Structure formats: structure tokens, C-alpha cells
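Protein chains in written order, with the working numbering: chain B, 36 to 196; chain C, 51 to 472. C-beta: ideal position from N, C-alpha, C; glycine also. As the structure is a computational prediction, the values presented were derived from the model and not from experiment. Here the structure is laid out as C-alpha cells; the discussion comes afterwards.
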Amino acid sequence: MDTRDLYRDVILDHNRSPRNFGRLDPADAAAVGHNPLCGDSLSLTLRVADGKLSEMRFNGQGCAISVASASLMSEAVTGKSLADVTTLYHDVHALLTGGQQAAQRPLGKLMALSGVREFPARVKCASLCWHTLNAALEQRAAASAAAIPAQAAALPAVSTE
Amino acid sequence: MNALQPVASDDYLDQQGALIPERVRADFPILARELNGRPLVYLDSAASAQQPRAVLNAINTYATTTHANVHRGVHGLSQAATSAFEGARETVRRFINARSTSEIIFTRGTTEAINLVTQSWGHAHLGAGDEVLITHLEHHANIVPWQMACAARGARLVAAPLTPAGELDFPGFAALLNKRTRMVAVAQVSNALGTVLPVAEIIALAHQHGIPVLIDGAQAIAHQGVDVQALDCDFYAFSGHKIYGPTGIGVLYGRESLLAAMPPWQGGGDMILTVAIESSTYNALPWKFEAGTPNISGAIGLGAALDYLDNLGRAAVSRHEQRLLTLATAALQAVPGLHIVGTARDKSAVISFTLDGVHPHDIGTILDAEGVAIRTGHHCAMPVMTYFGLAATARASFACYNTSADVDRLVAALMRVREVFG
Numbered sequence: 036m037d038t039r040d041l042y043r044d045v046i047l048d049h050n051r052s053p054r055n056f057g058r059l060d061p062a063d064a065a066a067v068g069h070n071p072l073c074g075d076s077l078s079l080t081l082r083v084a085d086g087k088l089s090e091m092r093f094n095g096q097g098c099a100i101s102v103a104s105a106s107l108m109s110e111a112v113t114g115k116s117l118a119d120v121t122t123l124y125h126d127v128h129a130l131l132t133g134g135q136q137a138a139q140r141p142l143g144k145l146m147a148l149s150g151v152r153e154f155p156a157r158v159k160c161a162s163l164c165w166h167t168l169n170a171a172l173e174q175r176a177a178a179s180a181a182a183i184p185a186q187a188a189a190l191p192a193v194s195t196e
Numbered sequence: 051m052n053a054l055q056p057v058a059s060d061d062y063l064d065q066q067g068a069l070i071p072e073r074v075r076a077d078f079p080i081l082a083r084e085l086n087g088r089p090l091v092y093l094d095s096a097a098s099a100q101q102p103r104a105v106l107n108a109i110n111t112y113a114t115t116t117h118a119n120v121h122r123g124v125h126g127l128s129q130a131a132t133s134a135f136e137g138a139r140e141t142v143r144r145f146i147n148a149r150s151t152s153e154i155i156f157t158r159g160t161t162e163a164i165n166l167v168t169q170s171w172g173h174a175h176l177g178a179g180d181e182v183l184i185t186h187l188e189h190h191a192n193i194v195p196w197q198m199a200c201a202a203r204g205a206r207l208v209a210a211p212l213t214p215a216g217e218l219d220f221p222g223f224a225a226l227l228n229k230r231t232r233m234v235a236v237a238q239v240s241n242a243l244g245t246v247l248p249v250a251e252i253i254a255l256a257h258q259h260g261i262p263v264l265i266d267g268a269q270a271i272a273h274q275g276v277d278v279q280a281l282d283c284d285f286y287a288f289s290g291h292k293i294y295g296p297t298g299i300g301v302l303y304g305r306e307s308l309l310a311a312m313p314p315w316q317g318g319g320d321m322i323l324t325v326a327i328e329s330s331t332y333n334a335l336p337w338k339f340e341a342g343t344p345n346i347s348g349a350i351g352l353g354a355a356l357d358y359l360d361n362l363g364r365a366a367v368s369r370h371e372q373r374l375l376t377l378a379t380a381a382l383q384a385v386p387g388l389h390i391v392g393t394a395r396d397k398s399a400v401i402s403f404t405l406d407g408v409h410p411h412d413i414g415t416i417l418d419a420e421g422v423a424i425r426t427g428h429h430c431a432m433p434v435m436t437y438f439g440l441a442a443t444a445r446a447s448f449a450c451y452n453t454s455a456d457v458d459r460l461v462a463a464l465m466r467v468r469e470v471f472g
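And the structure:
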């Protein structure tokens, strides 16, 4: 077990200077994720235009892995169609847990997270932002199906437990 | 050394009466293992202490020679199991100096012991507008059960303030005692900060107002001499696994007059004298509060752990831990950007800290890779973390088997964290 494989330069860089850090107001979808193990939380806001995730911001408190993962995610999903975002969500899940369909498609910079799978206690840190994004999109889909605008007060609570 | 002969207490002490940790370490088989390819440095005893061979052997001997259900059979095994189980209760009584074994109730741990009080005593004595006074540094186990009882009875949970050093603000605490206060429930030692609370003064003041006091002794039992009669507390809760015993066993001490007046909290076998469909009569203390088959081997293991600690000598262990605390507190100053959280004058051997620019979780992972096991997170004490404006800290805690070499390894591993994160 070598922590250099976990704390790669890309991870340390995104932890020091997270991209897309902040909050969109108004936003088309939002969610808050919690990691009960460490008390960390991640708040995520995004906008959708022409079926694409056009903008995303995140803030909150977290370890290097969770901050870097959210930062890398924000770059990877911006400009992607919602269908592609869902595909990416599953690919990253496979990458982090080392499942059967691991790395079928090129994941670019997100590959910096591949070291996480050697540290089972830290997988939830890396996956928290993805679960939170997925919850925000599902909430938006459910809300638009019911023709109710997403309410900030009714944010879905996400837990990785 | 013959493994069957108890080791004399003197064998653990040098000529100055100081504990020789290398001798103690030899009693703890797990300390011989490696963690991620390096000799294990275990600095997480405040979460769960390791078990000496004396405890493991007692459990194994019970399981291989004696096991049967207690208080039931006339056969020899059941009688032997009952006397071993009740013998462990007597060991607990002696260890905390209770008046009688009627006051020693076995539970799953501190959490269940406190829940017993909140559910039995709380539901009988709390009413609308009443208050329960705790402090801002309690473990969740001494917050949430009271919250639940207060919510059920329309009572209010009030928390006493702390000083910036993480000590109890005693005048602030005293000012919160009033005619509505029905119970004071406080930790003897903070699990998150190591602060030792002035429980004797707290108890004396509460008793002046006629208010009973529950002490959460989970973090104190292995490190302080605990004498419930000298303290004059009304309830005292602790866990076996914080004092070198097994998990799943703990103790509630209760003043006999209070326990006798409390209703049972769980119904079932062993807690009754007679049962008819219409109604039942309850067993005497302490069994009134022990429904169902208890954790027999856990209680026996706990008894062995208390005997083990007494054989080492509680005072010698305490001096050893305080020496390590002083050593580590000084040594950690060498780590750039490290801040100790909780700087009470009277501290148990627990050091909570933060490192500028590094999340405690990342500290924990890198230390783990270096073979050093510490706790990171909110330590099940989120209100005290919030009080200090922190989401989490890293925490190193020391026990009888830790050495100054462990402190050196901790500091070296933290330097490694600084290398990675700059």
C-alpha cells in the first residue's frame, strides 16, 4: 500500500485549488451529500440547458479525496448530455470499486482516482460527489415529471452509508 | 515465565515504581502484528483498547470448560457458569468500590447503561418543563438518549458551556442548575479532547440542589481511580472494551435506593420472580434490570481485565500515561502547522489535533500506511466539534502498553503527511 498512489499530483492540485467551487443561484438542481463517517458534507448546484449539464458548482468541507473528486467531476460533467453524465457515474463507480466493467471507456483525468480502490476506507470519500450529483439529477427528473420546480428547501439528503 | 502463574505486579515496575511498557506489551498478542508492513503502533485505545492474554484466556477457559446458561440449571456447568458470572460482578463491585453487587448491572456497554437510566429513571421522573443538564463535550451516548427521553416527556435538554481550553465553564454550569433540573449527566473524561471534568465538585453542587448525577465513565475507567462511594455519584456507566476487556459488555452502577425505586426497562426471562398472563412480579436487584441470557463470557472477560489492571497497578498505569501525554504534547510541537485541540490543565492521555491544510481523514490514511493507527473524525461528539468550529480532528490516545518509541513513530508519520501535502 503506497499512499503516493492515492495522493497523486492531480489529486493534490485539485485539493489545493478546487475548480468550480461555489454555488449557483438560481440553479436547476441541487443536493447535499453527507459522509457520516467523517462528518463531511458537500453541497452541489447545477444548471441544465438543451439537455446538457451546462454548469456545476460545489462547496462544503471535505478531505483531499472528496474535494479533488468533486473538482474533477465538475470538469468532467460540464457540457455533457445528461445521459452521458449517468454513464460516467456508472463508469466512475466501477473505477472506484474495481468492479467487472472497470474502465471500459477512457475516463481521462478521472483516472487519477484509480488509486482509491486500494484504500477501501476512502472509496466513500471519492464517490460522495457522484452520489450527490446523481441524486440532484434524479430529483430534478422527478420534479419536472410532477411539474414542480426544484425547491431549495426540499433538497434530497444523500448519505454514502 | 510460566504462563499459568499470575505475573506479580512488581515484575511490571522498575526500581522507581515506573511501569515497564515492554513487559506490559508482551501480554498483548495483537501488538506483535504489523500494520501495512510496519510494526503496529496502536494509538486508538480511547476508541477500543486491546485485550491482554489474561482476558483472552479467561474467555477461552470459560468457553472450553464451563459454559452453560446462568441462574437456571441445577447441573454443575450451570452452577459453575453462575458463580463465574456473579464472581465477575463482585470483581466489578470491588474495582469501583460499590457498597453491594445489587448496584452492579451488566449491560452491553456505556451506551446501553445510559439508555437504561434514560428509559427507566427518565420516564418515571421527567415531566413537562423539567430539565436535564449535560455539557457541551459529551459523547453522543450521553446526549441522544437524554434527547429521546426529554422529547417523550416534554422536558428540555440543557448543555453547560466550555472554556476555550475545552474545560467545563464551572460558573456557567452552576448558573444552569435550577429548580427545574432533574438530572445532571456528565462525562468524567471527554473522549474528543481528553479533558478531565471536576466530577467531585459537580456532584457536590448538584447534591446541594438535591439533583442526582450520572457519570459517563467510559473514558475515565481505565485511567483514573474510580471510587463510586468517594465520588458519591448516583449512576456510573462504563464499557469493558475501554478497559482492556471484550466488546459487548459494560456496567451501570446505580445507587441502590434509586435502582430499587426504578421500573424495569426490558422484560423477559431472568428479571422476573413469577409470571402469570395477567401480571408478573420482578426479580431483586441487580437482576431486575438484566432480562434474557446475559453476556456471560463478556462479564468474565471484563472481570479478568479489571484484575489485570489492578495487578499492573492503577496508579502506575496513570503515571505512565501522563508521562506519555507530556512527552507527546511536546513532541508534536515539532510538526509544522499542528494545533492541539483541547488544552485543559487536567487531561487524560488523549491528544486531539488538526494540521493546517490537511483534512484529518487524509492524516489518518497516511499514518495507517506508516503503521500508526489513530482515530479521525468527529469522535461521536459532534456538538463539541461544532463548539470549536471543526468538522473533525485527528486523535491519538495512549494506554498502558504504549511507549515513547510510539510517540516517535507518530511524529515521524506526521512529518510524512507534511511531505505529501507540503
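Check, Outcome
"If we ignore side chains and look at the alpha-carbon of each, how far apart do B:F154 and C:A380 end up?", "32 Å"
"Helix or strand or just coil, what does DSSP make of B:K87?", "strand"
"Kindly indicate which residue of B:K144, B:G114, B:T80, B:M36 has the alpha-carbon position closest to the one of B:L107.", "B:K144"
"Whole angstroms are fine: how far does the CA of B:P61 sit from the CA of C:F339?", "57 Å"
"Give me the chain B residues within the contact set of C:I416, using Cβ-Cβ distance strictly less than 7 Å, ordered along the chain.", "T38"
"Skipping 5 residues on each side, what residues in its chain have a beta carbon closer than 8 Å to that of C:R203?", "G172, H173, L176, G177, A178, D180"
"Quick check for students: name the residue ranges of the alpha helix (DSSP H) that lie wholly in the stretch 85–122 of chain C, counting only runs of 4 or more.", "103–111"
"Three-state secondary structure (DSSP) at C:A174?", "helix"
"Please determine, among C:P344, C:V142, C:F156, the residue with the shortest C-alpha to C-alpha distance to C:D360.", "C:V142"
"Just the C-alpha distance for C:A449 and C:R83, rounded to the nearest angstrom, thanks.", "17 Å"
"DSSP three-state call for C:T213: helix, strand or coil?", "coil"
"Between which two residues does the alpha helix (DSSP H) holding C:M465 run?", "454–471"
"Distance, Cα to Cα, B:A185 vs B:A129?", "Because the pLDDT at B:A185 is just 48, under 50, the model does not fix this residue reliably, and the point stays unresolved."
"Whose C-alpha, out of C:T160, C:E153, C:P410, C:A334, is nearest the C-alpha of C:H190?", "C:T160"
"Can you tell which of C:I424, C:A209, C:T151 has the C-alpha that lies nearest to the C-alpha of C:G222?", "C:A209"
"Am I right that B:G86 and B:L117 are in contact with their C-beta atoms under 8 Å? What's the rounded C-beta distance?", "6 Å"
"What residue range is occupied by the uninterrupted beta strand (DSSP E) comprising C:S402?", "400–405"
"Is there a Cβ from chain B that is less than 9 Å from the Cβ of C:D412?", "yes"
"Quick check: what's the CA-CA separation for B:A187 versus B:N94?", "Low local confidence applies: a pLDDT of 46 at B:A187 is under 50, so the model's placement there is unreliable, and no value is given."
"What would DSSP say about B:V130, mapped onto helix, strand or coil?", "This sequence places Leu at residue 130 of chain B; Val is not what is there. B:L130 falls in the helix class under three-state DSSP."
"Could you tell me whether any Cβ in chain B is nearer than 9 Å to the Cβ of C:N86?", "yes"
"How big is the Cα-Cα spacing for C:T185 and B:S76?", "25 Å"
"Ignoring anything shorter than 4 residues, give me the alpha helix (DSSP H) runs that lie fully in the stretch 121–154 of chain C, in order along the chain.", "126–146"
"Since C:P102 and C:F135 should fall inside the 8 Å C-beta cutoff, what is the C-beta to C-beta distance between them, to a whole number of angstroms?", "Contact doesn't hold; Cβ gap of about 20 Å is too wide."
"Roughly how many whole angstroms lie between the Cα atoms of C:T443 and C:I164?", "26 Å"
"Can you name the start and end residues of the beta strand (DSSP E) that B:N70 belongs to?", "64–70"
"For B:A84, count neighbouring C-beta atoms within 10 Å of its own C-beta (all shown protein chains included) and say buried if the count is 16 or more, exposed if not.", "exposed"
"To which residues does DSSP link C:R206 through a beta bridge?", "C:E181"
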